[in-house]
Every structure is written in C-alpha cells, then in structure tokens.
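Residue numbers (our numbering): 305 to 469. Report on the structure given below.
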Amino acid sequence: MMLLCKIFAFVALFSLFYVQADIDDNTQINTRKVLGGITEPFESSDNLNLPAWKVLKNAADFKAAGAHLQQALKEYGYIIRQSHLFSEVPPQERYDIFLSMAKLLKIMGFHQRAEVLLYESMSHTQTPFEAHFQLALLGLEKEDLAAAKMHLKNCLFLKENDSLI
Numbered sequence: 305m306m307l308l309c310k311i312f313a314f315v316a317l318f319s320l321f322y323v324q325a326d327i328d329d330n331t332q333i334n335t336r337k338v339l340g341g342i343t344e345p346f347e348s349s350d351n352l353n354l355p356a357w358k359v360l361k362n363a364a365d366f367k368a369a370g371a372h373l374q375q376a377l378k379e380y381g382y383i384i385r386q387s388h389l390f391s392e393v394p395p396q397e398r399y400d401i402f403l404s405m406a407k408l409l410k411i412m413g414f415h416q417r418a419e420v421l422l423y424e425s426m427s428h429t430q431t432p433f434e435a436h437f438q439l440a441l442l443g444l445e446k447e448d449l450a451a452a453k454m455h456l457k458n459c460l461f462l463k464e465n466d467s468l469i
C-alpha cells in the first residue's frame, strides 16, 4: 500500500513538470506544457517577438475585458512589482497600466487605492487627460465637487475640443 502511494505521488509530481513535444504535419515542433491536466502552449507565434511585459499586459487587458477583474489586477501588479519587467515598459504603457488598474479598482469599490494609482499614472505621461477625467468621476462619486471641478478644468486644458467634458 505504501509503495502504491509513493508511485502515485511520483506520477503526480512527474506530470506537473512534464514537457511534451508534438510534430505537426508541417514538420514544425509544437511545444506544450502539461500542468495539472491543463495543456497550454508555451508561446504562440504572435508572442515570439514581443517582450515579456507586453505579453503580460496583453493577457491582463484580455482578462479585464472579460470581467476577470482580480486576475487582471494580479497580472498588472506583477508587471509593476517585477523591476526587470517594469524597467523595460515605455512611459506611455506604464501610464496605461496604472490607469487600467485604477479603473478596475474603481469598479471593485476601492476608491482610495484607485485615486493613488491615478495620481501615480500622471507621472508617466505628458497628457494625463484620462487620469484627470477618472479623478473627476471619483470626485463626483464622493460628492467632492471642488476636486471634480479642478480635474475637469485640467481635462479642458488638455483637450479643449472634447464634447464629453
């Protein structure tokens, strides 16, 4: 019985790290990883030339669009916390990451954290129109009309022809 348990544990451990290579009809090697019964491709042909931060950001954007808010926040947070990834991200993309995280936090009801991220996002762009707009919306939700007015004025300064403002 003990030997059977050891064999089962070894098979389960081996299946976690098993890498399988299949050969397609076009004699192209298709590498797949089997992890806990779930098969995923290591990399698709679209992601071969993309930097790691871009792949993670695209995955987070996809999860955010699919209403998987916590998973998207986790992906964005991973990019920010990993200095080797975050240092490669261009400033405009950093702005987009912080802005996306703030929008998700706002949807989830974490208004103070969203506000902090919106202020942080402004340091990564020359035209923080969207950040000011989101801060104005937060001000309106908190019924802080003075803050909302200030941020809407900043929006008008940045995009004076925007009919929404």
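Even for Gly, the Cβ is constructed at its ideal location relative to N, Cα and C.
I need the boundaries of the alpha helix (DSSP H) containing GLY413, first residue and last residue. As a position in the sequence shown, residue 413 is number 109, starting the count at 1. It is not in any alpha helix (DSSP H) - GLY413 carries neither H nor E in the DSSP assignment.
Beta-carbon separation (whole angstroms), MET412 vs LEU373, contact threshold 8 Å: On the sequence shown, residue 412 is found 108 positions in, with the first residue counted as 1. On the sequence shown, residue 373 is found 69 positions in, with the first residue counted as 1. About 6 Å separates the two Cβ atoms, so the contact holds.
Residue ranges of each alpha helix (DSSP H) within the region 374-400, 4 or longer: 387-390
Less than 6 Å between C-beta atoms, sequence neighbours within five positions excluded: which residues of the same chain meet that for TYR399? Taking the sequence shown and counting its residues from 1, the one referred to as residue 399 is at position 95. Closer than 6 Å at the Cβ level, and outside the excluded window around TYR399, lie SER425, HIS428, THR429.
Assuming GLU419 contacts LEU439 under a Cβ cut-off of 8 Å, what Cβ separation, rounded to an integer in Å, is found between them? The residue you call residue 419 lines up with position 115 of the sequence shown. The residue you call residue 439 lines up with position 135 of the sequence shown. At roughly 7 Å, the Cβ-Cβ gap stays under 8 Å, so GLU419 and LEU439 are in contact.
Answer with buried or exposed for ASN353, where buried requires no fewer than 16 other C-beta atoms within 10 angstroms of its C-beta. Translated into positions along the sequence shown, residue 353 becomes position 49. Classification for ASN353: exposed.
Distance check for ILE383 and LYS410, CA to CA, integer angstroms please. Taking the sequence shown and counting its residues from 1, one reaches residue 410 at position 106. Taking the sequence shown and counting its residues from 1, one reaches residue 383 at position 79. Taking the straight line joining both Cα atoms gives about 20 Å.
Could you check what DSSP says for LYS463 in three-state terms: helix, strand or coil? As a first step, residue 463 is located in the sequence shown; it is residue number 159 there, counting from the start. Reduced to three states, the DSSP call for LYS463 is coil.
Is it true that the CB of LEU403 sits closer than 8 Å to the CB of GLU434? As a working note, residue 434 is residue 130 in the sequence shown. As a working note, residue 403 is residue 99 in the sequence shown. The answer is yes: Cβ separation under 8 Å.
Taking just the CA atoms, how far does GLN375 sit from PHE390? Counting from one through the sequence shown, the residue named residue 390 turns up at place 86. Counting from one through the sequence shown, the residue named residue 375 turns up at place 71. Roughly 18 Å between the two C-alpha positions.
Count the other CB atoms within 10 Å of the CB of PRO394; is the residue buried (16 or more) or exposed (fewer)? In the sequence shown, residue 394 corresponds to position 90, counting from 1. Exposed, since its Cβ has fewer than 16 Cβ neighbours within 10 Å.
Beta-carbon spacing of PRO432, GLU392 below 8 Å: On the sequence shown, residue 432 is found 128 positions in, with the first residue counted as 1. On the sequence shown, residue 392 is found 88 positions in, with the first residue counted as 1. No. Outside cutoff.
Exposure label - PHE461; buried when at least 16 CB within 10 Å: As a first step, residue 461 is located in the sequence shown; it is residue number 157 there, counting from the start. With fewer than 16 Cβ atoms within 10 Å of its Cβ, PHE461 is classed as exposed.
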